[in-house]
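*Asks:* Just so we're aligned: the sequence shown equals residues 1406 to 1687 in this note's numbering.
Even glycine gets a Cβ: it sits at the ideal position worked out from N, Cα and C.
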Amino acid sequence: PANGHRFMANTCAPYLKENQIVILNPGRTGGALEFYHTLKKQGVEKFPFIAEAQTFIYASRSIGPCHAKIFSIKNSVPLATIPAYWIPGVLKIIKRAFPQFVPGDNIFKTSFNNIGAIFHPALTVLNAAWIEASHGDFEYYIQGASLSVSKVLETMDKERLEVAAALGIKAMSAKNWLYTAYSASGKNLHEAIQANPGYLGIKAPDRLNHRYIDEDVPMSLVPLTSIGDMLKVETPTIKFIINLASIMRGKDFLKEGRTVESLGIQGMSIKDIRMLAVSGEI
């Protein structure tokens, strides 16, 4: 999980070599940047190729030790590297094994297009009672994303797009992503979710102690709101879901999660942040 990216960067730092490839699949929000910044703090001078996938290639569920059920495979998943000019070379190598990977513009584009940040935490938090009462015995997306819940998701999505726009990034809406990844369409997010055959049969988590909260809140939502705060972009709905999740899980996800400090971009100008993504340095 993304919670372990920083630990793995610290652990691997003495052994990583130039021209090796590290892929965070997926990176969630800020994964490659955090990995890169952690290596720099460890004194690494010759960096491996650090890449992050926008999302996981498979819509899947673990059904037991070393076993997973794959419900569908996404049509395409953008992959980006830091610095961005490494993208073509990395893709040339890994597309032999994963032809679904396509070029992402840069690591901020893949990070801000992390749609799991919109779907997973809010769907889980807003269906908490149903999850606890039924132990997840309902269709997570088809039933959990009711019309009212989908309106919350759309509001969070709007805030995500506004934070991205403040950095000069044109992120994809969740509705448009469903069409790109699954060919599912609709007039609004609720209709698009209901039209996605890839979500049929996917059950909800059987507990709240689950990666949809413990990973996606600190590693996806917290960096969004942290970057938003730095750029003076309000994210009240995202913060609301973070606070509810923190209360439910008895944790302080705002302290545990990725922030502009752990990403190494605190106090940087928008120009310098974009230069970092492109060249790996400012």
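What's the call for K1637, buried or exposed, on a 16-neighbour Cβ count within 10 Å?
*Replies:* Along the sequence shown, one-based indexing puts residue 1637 at 232. Classification of K1637: exposed, given that the 10 Å Cβ count is below 16.
*Asks:* So, for L1605: in the same chain, excluding its five sequence neighbours on each side, which residues have a beta-carbon less than 7 Å away from its beta-carbon?
*Replies:* Position 200 of the sequence shown, counted from the first residue, corresponds to residue 1605. I1547, listed in sequence order.
*Asks:* From this set, I1598, A1609, S1477 and A1571, which residue's C-alpha is nearest K1676's C-alpha?
*Replies:* Sequence index remark: in the sequence shown, residue 1676 carries index 271 (1-based). Of I1598, A1609, S1477 and A1571, the residue nearest in Cα terms is A1571.
*Asks:* What's the call for R1612, buried or exposed, on a 16-neighbour Cβ count within 10 Å?
*Replies:* Sequence index remark: in the sequence shown, residue 1612 carries index 207 (1-based). Exposed, by the Cβ-count rule.
*Asks:* How big is the Cα-Cα spacing for A1550 and I1678?
*Replies:* Here residue 1550 is taken as the residue at index 145 of the sequence shown, counted from 1. Here residue 1678 is taken as the residue at index 273 of the sequence shown, counted from 1. Approximately 35 Å, taken between the alpha carbons.
*Asks:* On a Cα-Cα basis, can you pick out the residue from G1591, R1616 and K1422 that is closest to N1408?
*Replies:* Start at 1 with the first residue of the sequence shown, and residue 1408 comes out as number 3. Checking every option, the nearest Cα to that of N1408 belongs to R1616.
*Asks:* With respect to the beta strand (DSSP E) encompassing D1472, which residues constitute its N-terminal and C-terminal limits?
*Replies:* Translated into the one-based positions of the sequence shown, residue 1472 becomes position 67. As written in the sequence, residue 1472 is His, which differs from the Asp given in the question. Run containing H1472: H1472 to I1478, per the beta strand (DSSP E) assignment.
*Asks:* Between which two residues does the alpha helix (DSSP H) carrying V1697 extend?
*Replies:* Here the chain covers residues 1406 to 1687 and nothing more, so residue 1697 does not appear.
*Asks:* Note the first and the last residue of the continuous beta strand (DSSP E) segment covering P1453.
*Replies:* Taking the sequence shown and counting its residues from 1, one reaches residue 1453 at position 48. Note, P1453: premise wrong, no beta strand (DSSP E); not H, not E.
*Asks:* Quick one: which unbroken alpha helix (DSSP H) runs of 4-plus residues sit fully inside the region 1470 to 1524? Chain order, please.
*Replies:* 1492 to 1499 and 1512 to 1517, all fully within the region 1470 to 1524.
*Asks:* Can you grab the Cα-Cα spacing for the pair E1666 / L1566, in whole Å?
*Replies:* Here the question's residue 1666 lines up with position 261 in the sequence shown. Here the question's residue 1566 lines up with position 161 in the sequence shown. So the two alpha carbons sit approximately 22 Å from each other.
*Asks:* Could you give the C-beta distance for V1683 and L1659, rounded to a whole number, given that I count them as a contact under 8 Å?
*Replies:* Translated into positions along the sequence shown, residue 1683 becomes position 278. Translated into positions along the sequence shown, residue 1659 becomes position 254. With 8 Å as the limit, V1683 and L1659 do not qualify as a contact, their Cβ atoms being about 29 Å apart.
*Asks:* Helix, strand or coil, according to DSSP, for L1681 in the structure here?
*Replies:* Taking the sequence shown and counting its residues from 1, one reaches residue 1681 at position 276. Helix.
*Asks:* Smallest Cα separation from W1491: which of I1462, A1502, I1428 and G1435?
*Replies:* Taking the sequence shown and counting its residues from 1, one reaches residue 1491 at position 86. Ranking I1462, A1502, I1428 and G1435 by Cα distance to W1491 puts I1428 first.
*Asks:* Candidates F1461, G1662 and T1416: which alpha carbon is nearest I1689's?
*Replies:* No answer is possible for residue 1689: the residues shown for the chain start at 1406 and end at 1687.
*Asks:* What would DSSP say about E1620, mapped onto helix, strand or coil?
*Replies:* In the sequence shown, residue 1620 corresponds to position 215, counting from 1. Of the three classes helix, strand and coil, the one that applies to E1620 here is coil, per DSSP.
*Asks:* Look at the alpha carbon of A1473 and the alpha carbon of Y1463, and state the distance between them as a whole number of angstroms.
*Replies:* By 1-based counting over the sequence shown, the position of residue 1473 is 68. By 1-based counting over the sequence shown, the position of residue 1463 is 58. The alpha-carbon atoms of A1473 and Y1463 are separated by roughly 10 Å.
*Asks:* Curious, which full-length alpha helix (DSSP H) runs of at least 4 residues does the region 1545 to 1622 contain?
*Replies:* Counting only runs of 4 or more, we get 1552 to 1571, 1579 to 1587, 1594 to 1599 and 1616 to 1619.
*Asks:* Cutting at 8 Å between CB atoms, please list the residues of its own chain near Q1505, excluding the five before and the five after it.
*Replies:* As a working mapping, residue 1505 is identified with position 100 in the sequence shown. So the qualifying residues of the chain are I1462, I1478, K1479, N1480, S1481 and V1482.
*Asks:* Evaluate H1595 with the Cβ neighbour count: other Cβ atoms within 10 Å of its Cβ, from every protein chain shown; 16 or more gives buried, anything less gives exposed.
*Replies:* Translated into the one-based positions of the sequence shown, residue 1595 becomes position 190. Buried is the call here.
*Asks:* Could you spell out where the alpha helix (DSSP H) holding I1462 opens and where it closes?
*Replies:* Indexing the sequence shown from 1 puts residue 1462 at position 57. Careful: I1462 lies outside any alpha helix (DSSP H) and carries neither H nor E.
*Asks:* Alpha carbon to alpha carbon, how far is K1451 from G1494?
*Replies:* The residue given as residue 1451 occupies position 46 in the sequence shown. The residue given as residue 1494 occupies position 89 in the sequence shown. One C-alpha to the other measures close to 17 Å.
*Asks:* Following the continuous alpha helix (DSSP H) through V1629, name the residue where it begins and the one where it ends.
*Replies:* Looking up residue 1629 in the sequence shown gives position 224. A quick correction: the sequence has Leu, not Val, at residue 1629. Counting along the chain, the alpha helix (DSSP H) containing L1629 begins and ends at V1627 to M1635.
*Asks:* I'd like the list of long-range same chain contacts for R1466, defined as Cβ closer than 6 Å, with 5 residues on each side in sequence excluded.
*Replies:* As a position in the sequence shown, residue 1466 is number 61, starting the count at 1. Same-chain partners within the cutoff: K1474.
*Asks:* Going along the chain, which residues of its own chain have a beta-carbon closer than 7 Å to the beta-carbon of F1476, five neighbours each way excluded?
*Replies:* As a position in the sequence shown, residue 1476 is number 71, starting the count at 1. So the qualifying residues of the chain are A1464, S1465, G1603, G1606 and I1607.
*Asks:* May I ask you to verify whether the region 1641 to 1655 touches the region 1527 to 1542, counting CB pairs closer than 8 Å and requiring at least 3?
*Replies:* Touching, per the Cβ criterion.
*Asks:* Which term fits M1577, buried or exposed, when burial requires 16 or more other beta carbons within 10 angstroms of its beta carbon?
*Replies:* If you number the sequence shown from 1, residue 1577 lands on position 172. Counting Cβ neighbours within 10 Å, M1577 comes out buried, since at least 16 surround it.
*Asks:* Along the chain, where does the beta strand (DSSP E) containing L1444 start, and where does it finish?
*Replies:* Along the sequence shown, read from residue 1 onward, the residue named residue 1444 stands at position 39. Where L1444 is concerned, there is no enclosing beta strand (DSSP E), although the alpha helix (DSSP H) it sits in stretches over G1436 to K1446.
*Asks:* Might you give, ordered along the chain, the residues of its own chain that have their beta carbon closer than 6 Å to the beta carbon of Y1587, omitting 5 neighbours on each side?
*Replies:* By 1-based counting over the sequence shown, the position of residue 1587 is 182. Contacts found: N1601 and G1603.
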